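*Asks:* Structure incoming, see below.
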Amino acid sequence: MSQYRLNINGNEVVGRPGQTILEVARENGIEIPTLCYDERIKIYGACGLCVVEVEGSPKLFRSCATEIADGMVIHTETERVKGSRKVALELLLSDHLGDCRPPCRQACPANTDCQGYVGLIANGRYQEALELIKEQLPLPASIGRVCPHPCEEACRRQLVEEPVSIAWLKQFVADADLASGDAFMPEIKAPSGKKVAVVGGGPAGLTASYFLAKEGHQVVVFEAMPKAGGMLRYGIPQYRLPKEVLDQEIATIENMGVEIQTNVKIGRDIKLNYLRENFDAVYLAIGAWASSGMRCPGEKLDGVIGGIEFLEAVALNKPVQLGKKVAVVGGGNTAMDACRTAVRLGAEEVYLLYRRTRSEMPAADIEVIEAEEEGVIFQFLVAPIEIMGENGKATHIKLQQMELGEPDASGRRKPVPIPGAEKNLEVDNVIAAIGQQVVPEGMDGVTLTKWNTIVADEHTYMTNIPGVFAGGDAINEGPGIAIEAISDARKAADVICSYLEGEIIPYQAPYYAKREDLTADDFADREKVYRPHMGHLHPEERKHNFSEIVFGYTEEQAKKDAMRCLECGCGDIFECKLIHYANRYHVDPARVAGEVHKRNYKDEHPFIDRNPDKCILCGLCVRVCDEIMGVTALGLVNRGFDTIVQPEFNLPLQETGCISCGQCVAACPTGALQERLTIDKSVPLETAETSTICSYCSVGCNLKLKTKGELLVKSVPDKESSVDKGLLCVKGRFGFNMGQKGTRITAPLMKKNGEFKEVSWDEALLFVAKKTQSISSRYGSKALAVSVSDRYTNEEIYLAAKFGKQILGTDQVFSFNGFDGGIEDVLGYDASSNTFDELLSTEVILLVGSDIMHDHPIVGLKIKEAAAKGVKLITVNPFASLADEWADQKVCPADSVSFIKEVIKAVVESGRIPSDNSAAGFAPLRESLENIEVSGSAKEIAEAYTKAKRAIIVFDQNRVTADGAKLLADLAVVAGHIGKARSGIIQLKPKANSQGLVDMGVTKGAQEIRTNLDAGLTKGMFIFGEDIGGWDLSTLELLVVQDTHLTETALTADVVLPGVSFAESSGTFTSSERRIQRLNQVIPAISGLTNWEVIIEVANAFGANLAYCCPECIEEAISADIPEYKGIVQGEEKTVFWPVHGSPVLYGEKFHFADGKACLHTVGEGPLFKATTHTDHLENTFVDFLKEKKIV
444 MSQYRLNING NEVVGRPGQT ILEVARENGI EIPTLCYDER IKIYGACGLC
494 VVEVEGSPKL FRSCATEIAD GMVIHTETER VKGSRKVALE LLLSDHLGDC
544 RPPCRQACPA NTDCQGYVGL IANGRYQEAL ELIKEQLPLP ASIGRVCPHP
594 CEEACRRQLV EEPVSIAWLK QFVADADLAS GDAFMPEIKA PSGKKVAVVG
644 GGPAGLTASY FLAKEGHQVV VFEAMPKAGG MLRYGIPQYR LPKEVLDQEI
694 ATIENMGVEI QTNVKIGRDI KLNYLRENFD AVYLAIGAWA SSGMRCPGEK
744 LDGVIGGIEF LEAVALNKPV QLGKKVAVVG GGNTAMDACR TAVRLGAEEV
794 YLLYRRTRSE MPAADIEVIE AEEEGVIFQF LVAPIEIMGE NGKATHIKLQ
844 QMELGEPDAS GRRKPVPIPG AEKNLEVDNV IAAIGQQVVP EGMDGVTLTK
894 WNTIVADEHT YMTNIPGVFA GGDAINEGPG IAIEAISDAR KAADVICSYL
944 EGEIIPYQAP YYAKREDLTA DDFADREKVY RPHMGHLHPE ERKHNFSEIV
994 FGYTEEQAKK DAMRCLECGC GDIFECKLIH YANRYHVDPA RVAGEVHKRN
1044 YKDEHPFIDR NPDKCILCGL CVRVCDEIMG VTALGLVNRG FDTIVQPEFN
1094 LPLQETGCIS CGQCVAACPT GALQERLTID KSVPLETAET STICSYCSVG
1144 CNLKLKTKGE LLVKSVPDKE SSVDKGLLCV KGRFGFNMGQ KGTRITAPLM
1194 KKNGEFKEVS WDEALLFVAK KTQSISSRYG SKALAVSVSD RYTNEEIYLA
1244 AKFGKQILGT DQVFSFNGFD GGIEDVLGYD ASSNTFDELL STEVILLVGS
1294 DIMHDHPIVG LKIKEAAAKG VKLITVNPFA SLADEWADQK VCPADSVSFI
1344 KEVIKAVVES GRIPSDNSAA GFAPLRESLE NIEVSGSAKE IAEAYTKAKR
1394 AIIVFDQNRV TADGAKLLAD LAVVAGHIGK ARSGIIQLKP KANSQGLVDM
1444 GVTKGAQEIR TNLDAGLTKG MFIFGEDIGG WDLSTLELLV VQDTHLTETA
1494 LTADVVLPGV SFAESSGTFT SSERRIQRLN QVIPAISGLT NWEVIIEVAN
1544 AFGANLAYCC PECIEEAISA DIPEYKGIVQ GEEKTVFWPV HGSPVLYGEK
1594 FHFADGKACL HTVGEGPLFK ATTHTDHLEN TFVDFLKEKK IV
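Residue numbers for the sequence shown follow our numbering, so the first one is 444 and each next one is one higher.
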């Protein structure tokens, strides 16, 4: 094959004629941004983002549509290219309406993911919520109590009734963590060998220490006060922030390896130069420890004290001389703290003097309300002129009365003196709480502002001295709220880490789209649900002590309040390509701002959330739906600026031909198409990802489960999967967490007096063992039966079969979802002879008894692709199906095996006769066909099938009778279409491990057990993972069921043992093409034990002494016991076909009988098709849901 040589960004690469620049770049690991390209579909070139420069040409080329030429020299990141991409992105964003992040998160100075942790609380995931908070904030229990919560001021829920209680929810999870006795400790990187000195142990210093230590740096904090905590300890009263809470949070930081040296003051006990010489970096977080003066005569009188100094003295339990009457000047939270502390210290009259009105007070409203409840007297529109005294002690304060004038720089109306309006107030003490000041002692060589704050770069937090950084109240504009100091420190820690690694990376605030057009009218349809009442101490009780006022939310209250969140932020934020590239190219959409669509589209589809206002018209969803899925549920409507993607005839999506596969969601590069998460509360989360196998049908599709801690969030396709090529059906995409729905069984249950009671494992297993022993001694071991689900792994099925056959000594080991007889009677194996991908290269596909796009849609798509390539498709079904649309011939015969007999007879009459060396039983078969009259349809099928060099029969074992399956195998043998690549039989089984069930030796269906039950021969039964509604099990003396939920079958049991879902399991599944794939455990078993561990516990209760320690150990036993699986443990491939190390095509040399011949079967009259059954209650529950929502 000829090759072209070209150069991309200085890299010499080669490509093939016909390839595009983008394809060659991707093959060589060179990223070219694009928002509209998918290698599976035709090129569209809508986004304009993939442009590149080609030397020798003056124009830019779209790399997705430009074929390579020999000798090309290509540049993908020139200034011209980047400029073009920036404009393209800005134009796309100019009509992109939505919030990338919620307003609560954007209002938080620390950018704490409020929506994220509130959503996790709503889902009952408290540990995950705490860990998410601690990604930005190491002191959530403290800050949750004292923060003035700007997040709540921005919360849009107030457009409905009132904000979500974001701060109290933060406190709730933080308190739960501290109370657990095992407080969360972040993962700490290996020691870096770098040392950082932190000056100041307040919110900023502690935060910087936390995040620097997390990165493996050695951190020493130098704190001037007796204890760390800064203003959280010495400026916030005990009744708002109990210091034992703060101590616990600081202890966590110390446990991370941070050393805190107290009573060490810079300038007095240690010099800045010493720190610079002995540490690799220094972070200054000295705080603002002096109160601002009132700038009026009399401030030096006894009885006059600053608010900061007053609160510090109280916190240190120093003597504080207060008289009966105390005046506090100020309107912020410090003033409120001073007032309320004075009340608690016994002052009889406490006045709050403020120069504006109440509505302008910066203090939190709740602080003002509670101060009033405690008796604080508020005097507004007054300002101190002079403090007067006698004998050096304050006795009066002269006040200037004010009125409000025009707004000042802060936006509040400026207080203006009223000429001649003055009054005196008798006082014993005056507390000045009008602001704080920095005392920059020991800052040798550090540049200061005129306000004595430290000058620090706004993006790097570095001072004028290299390696010396600063943050918190002491820098630039001066003191703020604690969360602002924490924000500085969080960002500075990242910059310091980059500095320690050799390159300073400044903090850059990301671009996020945001909405500012929403009003109460947009939420008029929301039910009014007020925040739960927060319990608190009565004013008369609390004003006489320093006990914490609020009680904190209960779990029920916290979840209820969290559920009120309006979910403002985009659910696709962590996967959105648009916002990723927008920040990469530093967009400024405001410069091209224009008309913006606001369509307010609503669609009640249960799984797909469609928002046309976020659509960039890339067309991916439309093309994927059409070209890959063949559905055309979506289309581009209208023209120009008003073009929109919408369902056919503008119907609700579930009323179109949509099959809810979610491929449109997977393809969408923005948040225009998203999953509707099926967790209790939808919330955007940055997730971990685990590759595993779908647990529904037998195709064995690969998927990736996204989790946040132990919360299953979503399932997405695995684009690298060789099985499904990145495609999933509705079950794999949206039914992945059925095991987590409803009330799970988490402990053994025993029926006592007709009701289930939770019991210990010992009690349950002892009962089961003794009851089984009794049955066996009276009736023999054959009176016992064991059924096992084909949703279980190979390892679990192997153990269950071993338990039944070897430990109980019964041959009644079966599956209610199993089959009695079929192609194994003819060919030797109850298994497909060929693989799915061979369908793409055969000549004829005979599809029998399969609603393939409903039951096995990914194989259906392979058949669709094959048909599109010219493979002749023949469908034989008792119903119309989507596959009929691709078929060259479709037949809907009478429900009788006679039709397959007709085809066989026509094949025989065409001259096809198997040799005596390859098949036995041909003569009786031919004789049985003598009276069969061949119909025109059968003859046409036979002709196509026999003339083809390669042909594959595909049938659904759950829909075709055993006799029908035998005849299909007969047909393949007689026609010679077996034992060759691209010629054979694919038997689609019902469940993910139906093939493994047979392979592990569970070959019986339920017919024999039904006979035994009816005859009263079966007295005890163990059912592992099957729900068999409609069976009468009342004659059993013992029924033991293992399952995830109290199913209909479990409700009739004597003992129920907890089971797990596929997400909690590990092991292997074997698909219908005999592909053995690994199932990876994604979340821990909710009950504490996985299925295989439970089976071992049960077996060992009978004295078995099974000692398997992991699924891999069980695989070794499987490899030793089952010839087809021999060597599986040593296999290095991600997946293998059995026979391991053999050909994926069966019967190439002989059939699986002693004589090596096929055993042709003669069958009598009977139905060809049968009704489907499933014993997996998780799948049945999901299918019921799909029917309810009219998805199927």
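The beta carbon of each residue, even a glycine, is placed where N, CA and C say it ideally should be.
Owing to the predicted nature of the structure, the values given are computational and were not obtained by experimental measurement.
Buried or exposed: which applies to V771, given that a residue is buried once 16 or more other Cβ atoms fall within 10 Å of its Cβ?
*Replies:* Translated into the one-based positions of the sequence shown, residue 771 becomes position 328. V771 is buried by the Cβ-count criterion.
*Asks:* Assuming V1074 contacts G1100 under a Cβ cut-off of 8 Å, what Cβ separation, rounded to an integer in Å, is found between them?
*Replies:* Here residue 1074 refers to the residue found at position 631 of the sequence shown. Here residue 1100 refers to the residue found at position 657 of the sequence shown. About 5 Å; that satisfies the 8 Å criterion.
*Asks:* Considering only the alpha carbon of each residue, which of D1486, E1098, F1398 and I484 lies closest to N1534?
*Replies:* Taking the sequence shown and counting its residues from 1, the one referred to as residue 1534 is at position 1091. Comparing Cα positions, the closest option is D1486.
*Asks:* Report the partner residues of D1486 according to the DSSP bridge assignment.
*Replies:* Residue mapping note: residue 1486 aligns to position 1043 of the sequence shown, counting from 1. P1501, per the DSSP bridge assignment.
*Asks:* With distances taken between CB atoms, is the gap from I1519 to V1579 smaller than 9 Å?
*Replies:* Here residue 1519 is taken as the residue at index 1076 of the sequence shown, counted from 1. Here residue 1579 is taken as the residue at index 1136 of the sequence shown, counted from 1. In contact: I1519 and V1579 (Cβ atoms closer than 9 Å).
*Asks:* Leaving out five residues before and five after Q549 in sequence, what residues of the same chain have Cβ atoms less than 8 Å from its Cβ?
*Replies:* Reading the sequence shown from its first residue, position 106 is the one you call residue 549. Within the same chain, Q549 has close Cβ partners A597, Y955 and K957.
*Asks:* If you compare alpha carbons, which of Y726, N1026, A1326 and D887 is closest to R933?
*Replies:* Position 490 of the sequence shown, counted from the start, is the residue given in the question as residue 933. The option with the nearest alpha carbon to R933 is Y726.
*Asks:* Leaving aside the five residues before and after L536 along the sequence, list all residues of the same chain whose C-beta is less than 7 Å from its C-beta, in chain order.
*Replies:* The residue labelled residue 536 in the question sits at position 93 within the sequence shown. If we look at L536 and ignore the five residues flanking it on each side, its Cβ neighbours are A956, A1025, V1030 and P1032.
*Asks:* Can you tell me the Cα-Cα spacing of D1475 and E998, whole angstroms?
*Replies:* Translated into positions along the sequence shown, residue 1475 becomes position 1032. Translated into positions along the sequence shown, residue 998 becomes position 555. If you take the alpha carbons of D1475 and E998, they lie about 42 Å apart.
*Asks:* Please state whether DSSP places R1402 in a helix, a strand or coil.
*Replies:* In the sequence shown, counting from the first residue as 1, residue 1402 sits at position 959. Reduced to three states, the DSSP call for R1402 is coil.
*Asks:* Comparing alpha-carbon positions, which option in Y1139, E1118, P680 and V1142 lies nearest V1159?
*Replies:* In the sequence shown, counting from the first residue as 1, residue 1159 sits at position 716. It is E1118 whose Cα lies nearest to the Cα of V1159.
*Asks:* Which residues does DSSP list as the beta-bridge partners of S802?
*Replies:* As a working mapping, residue 802 is identified with position 359 in the sequence shown. S802 pairs with nothing; no bridge assigned.
*Asks:* Determine which residues share a DSSP beta bridge with D745 and list them.
*Replies:* The residue given as residue 745 occupies position 302 in the sequence shown. In DSSP, D745 forms a bridge with K836.
*Asks:* In whole angstroms, what separates the C-alpha of Y950 from that of D900?
*Replies:* For the purposes of this step, residue 950 is taken as residue 507 along the sequence shown, with counting starting at 1. For the purposes of this step, residue 900 is taken as residue 457 along the sequence shown, with counting starting at 1. Whole-angstrom Cα-Cα distance: 10 Å.
*Asks:* In three-state terms, what does DSSP make of K1390?
*Replies:* Here residue 1390 refers to the residue found at position 947 of the sequence shown. K1390 falls in the helix class under three-state DSSP.
*Asks:* Need the endpoints of the alpha helix (DSSP H) that E1239 sits in, please.
*Replies:* Along the sequence shown, one-based indexing puts residue 1239 at 796. From DSSP, the alpha helix (DSSP H) with E1239 extends over N1237 to K1245.
*Asks:* For my contact list, F1365 and L1077 are in at a C-beta cut-off of 8 Å; report their separation, rounded to the angstrom.
*Replies:* Translated into positions along the sequence shown, residue 1365 becomes position 922. Translated into positions along the sequence shown, residue 1077 becomes position 634. No, F1365 and L1077 are not in contact; Cβ-Cβ is about 53 Å, not under 8 Å.
*Asks:* For L781, which residues in the same chain have their Cβ closer than 7 Å to its Cβ, ignoring the five residues on either side in sequence?
*Replies:* Residue numbering aside, residue 781 sits at position 338 when the sequence shown is read from its first letter. As written in the sequence, residue 781 is Ala, which differs from the Leu given in the question. The answer, listed in chain order, is G750, F753, L754, V771, I874 and A876.
*Asks:* Across which residues does DSSP place L465 in a beta bridge pair?
*Replies:* One-based indexing of the sequence shown puts residue 465 at position 22. For L465, which the question treats as bridged, DSSP gives no partner whatsoever.
*Asks:* Quick one, which of V911, G472, D1268 and L684 has its alpha-carbon nearest A1597's?
*Replies:* By 1-based counting over the sequence shown, the position of residue 1597 is 1154. That would be D1268, whose Cα lies nearest to the Cα of A1597.
*Asks:* Cβ of R1027 within 9 Å of Cβ of P591?
*Replies:* Residue numbering aside, residue 1027 sits at position 584 when the sequence shown is read from its first letter. Residue numbering aside, residue 591 sits at position 148 when the sequence shown is read from its first letter. Against a cut-off of 9 Å, the Cβ pair of P591 and R1027 comes out as no contact.
*Asks:* Just mark H1420 as buried or exposed, buried being the case when its beta carbon has 16 or more other beta carbons within 10 Å.
*Replies:* Along the sequence shown, one-based indexing puts residue 1420 at 977. Buried, because 16 or more other Cβ atoms sit within 10 Å of the Cβ of H1420.
*Asks:* Is the CB-CB distance between P862 and M845 below 9 Å?
*Replies:* Walking along the sequence shown from the start, residue 862 turns up at place 419. Walking along the sequence shown from the start, residue 845 turns up at place 402. Going by C-beta atoms, P862 is not nearer than 9 Å to M845.
*Asks:* What is the DSSP secondary structure of T1511, counted as helix, strand or coil?
*Replies:* On the sequence shown, residue 1511 is found 1068 positions in, with the first residue counted as 1. The answer is strand: DSSP assigns T1511 an E or B state.
*Asks:* With DSSP as the reference, label F563 as helix, strand or coil.
*Replies:* Position 120 of the sequence shown, counting from 1, holds the residue named residue 563. In the sequence as presented, Phe is not what sits at residue 563; that position holds Leu. The answer is helix: DSSP assigns L563 an H, G or I state.
*Asks:* For R1082, is the classification buried or exposed, using 16 other Cβ atoms within 10 angstroms of its Cβ as the cut-off for buried?
*Replies:* If you number the sequence shown from 1, residue 1082 lands on position 639. It is exposed - the Cβ of R1082 has fewer than 16 other Cβ atoms within 10 Å.
*Asks:* Rank A1362, D1280 and P1300 by C-alpha distance to the C-alpha of R1517 and give the top, closest one.
*Replies:* As a working note, residue 1517 is residue 1074 in the sequence shown. Closest option to R1517, Cα to Cα, is D1280.
*Asks:* Where does G1574 fall in DSSP's three states?
*Replies:* Residue 1574 sits at position 1131 when you count from the first residue of the sequence shown. At G1574, the pLDDT of 45 sits below 50, so the modelled position is not reliable and the matter cannot be decided from this model.
*Asks:* Can you tell me where the alpha helix (DSSP H) with Q570 in it begins and where it stops?
*Replies:* By one-based count along the sequence shown, residue 570 stands at place 127. Counting along the chain, the alpha helix (DSSP H) containing Q570 begins and ends at Y569 to I576.
*Asks:* Is it buried or exposed, A778, if we count other Cβ atoms within 10 angstroms and call 16 or more buried?
*Replies:* Taking the sequence shown and counting its residues from 1, the one referred to as residue 778 is at position 335. That one is buried.
*Asks:* Using the beta-carbon count (16 or more within 10 Å), is D1161 buried or exposed?
*Replies:* On the sequence shown, position 718 is the one that residue 1161 refers to. Result: buried.
*Asks:* Where does N1054 fall in DSSP's three states?
*Replies:* Taking the first residue of the sequence shown as position 1, residue 1054 is located at position 611. Coil, per DSSP.
*Asks:* Three-state secondary structure (DSSP) at C1602?
*Replies:* Locating residue 1602 in the sequence shown gives position 1159, counting from the first residue. Residue state, collapsed to three classes: strand.
*Asks:* Once DSSP output is grouped into helix, strand and coil, what is the label at G1261?
*Replies:* Locating residue 1261 in the sequence shown gives position 818, where the first residue counts as 1. Three-state result, G1261: coil.
*Asks:* State the Cα-Cα distance for the pair T1478 and R1453, rounded to the nearest angstrom.
*Replies:* Walking along the sequence shown from the start, residue 1478 turns up at place 1035. Walking along the sequence shown from the start, residue 1453 turns up at place 1010. Rounded to whole angstroms, T1478 to R1453 spans 12 Å at the Cα level.
*Asks:* Closest to I820 by CA distance: which of Q462, A651 and A790 is it?
*Replies:* For the purposes of this step, residue 820 is taken as the residue at position 377 of the sequence shown. Ranking the options by Cα distance to I820, first place goes to A790.
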